[in-house]
Amino acid sequence: MWRSRIERCLLKYNPQKYDLLESSGGLEGYLDVLENSAKKIFLRLQRQLSKKASAFSSDTRFLFSNMDRSISLQAEDITLDSIMYEIRKN
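As structure tokens, this is what we get:
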């Protein structure tokens, strides 16, 4: 799930680094590191957002019938933003 998104981000935001890594054979290792980081960020954010959502009273919680899906989408967006920042920074 993350690998193809990360690869697209790398191609879009730092194509020179992508070409350099690809020609030197280091692309797979770099993508592995970013993918593992993305998974960790995503899980941490998903837990944090779930805790915030569970703080709602039970009366309010029924409004969030798709809350888990929404939390996952928010965590994915934040994770991709973090990965894009790392790619741009390096």
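Here my numbering is used: position 67 in the sequence shown is 56, and no number is missing along the way.
Glycine included, every Cβ here is placed at the ideal spot set by N, Cα and C.
Bear in mind that the values here come from a model prediction, so they are computed numbers and not experimental data.
- For a cut-off of 8 Å, the C-beta gap from L34 to A64 is around 4 Å, short enough to register as a contact.
- In this structure, DSSP gives N25 a helical state, which the three-state scheme calls helix.
- E17 is classed as exposed because its beta carbon has fewer than 16 other beta carbons within 10 Å across all chains shown.
- For C(-2) against I76, the beta-carbon gap comes to about 5 Å, under 8 Å, which counts as contact.
- When C-alpha distances from Y19 are compared across K29, Q37, R(-8) and K41, the shortest belongs to R(-8).
- In the three-state scheme derived from DSSP, where H, G and I count as helix and E and B as strand, M73 is classed as helix.
- With a threshold of 16 other beta carbon atoms within 10 Å, Y74 falls short and is exposed.
- Sequence-distant Cβ neighbours of L0 in its own chain, meaning closer than 8 Å and more than five residues away, are Y7.
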